[in-house]
Amino acid sequence: MASRSDRLKRILRVQEQLKAMHEMRRANELRAAHAAEAEAAEIASGKAGDTSLSRLFPDLYERAIVKAHDKRDRHLESARQEAQKIAAETVRTDRIGQDYRAALRVEERATEERNALETVERLLGLPPSRGESGG
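See below:
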């Protein structure tokens with residue numbers, strides 16, 4: 579059976595991967611929101627020009643601008659949700675990291691105590707203790 583620190587180390591690695599995935603998703607959502615904002619600005623600049631299409635179909639331009647802004651807002655909301663997930667994963671990762679370091683300290687302390695006991699037993703010429711697992 580794997581030691582507690584080994585299990586925590588694997589869990590910590592998974593948590594870090596989840597956090598990285600949410601960070602990547604958030605970055606993609608922010609990039610898409612920026613692209614939608616740029617699209618809305620481009621359409622608005624085309625509407626402001628003296629082109630014949632913008633004068634013939636002003637409603638089409640307005641709908642396209644509104645649609646681009648809606649798309650931007652959806653992406654910003656998704657980015658906000660991903661930021662919340664990142665915060666949750668950060669808390670989990672930190673907590674698991676603390677547990678992992680504590681488990682390492684416990685295992686190191688147990689190893690040091692076992693080594694000290696074996697040293698004392700050797701010095702006293704006693705047979706090795708029964709709790710010895712052999713590695």
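Every position in the sequence shown, counted from 1, becomes a number in our numbering once 578 is added. Positions of the beta carbon are idealized from the N, C-alpha and C atoms, including for glycine. Quick caveat: nothing in here was measured; it's all calculated off a predicted structure.
- Annotated three-state conformation of Pro636 is helix, per DSSP.
- Check the Cα spacing between Pro636 and each of Leu590, Glu699, Ala622: the tightest is with Ala622.
- The beta carbons of Asp677 and Leu596 sit no closer together than 8 Å.
- By the beta-carbon neighbour count (other beta carbons within 10 angstroms, threshold 16), His653 is buried.
- For the 8 Å CB-CB criterion, Arg650 and Glu615 form a contact.
- Nearest in C-alpha terms to Gln662, of all of Ile589, His600, Leu590, is His600.
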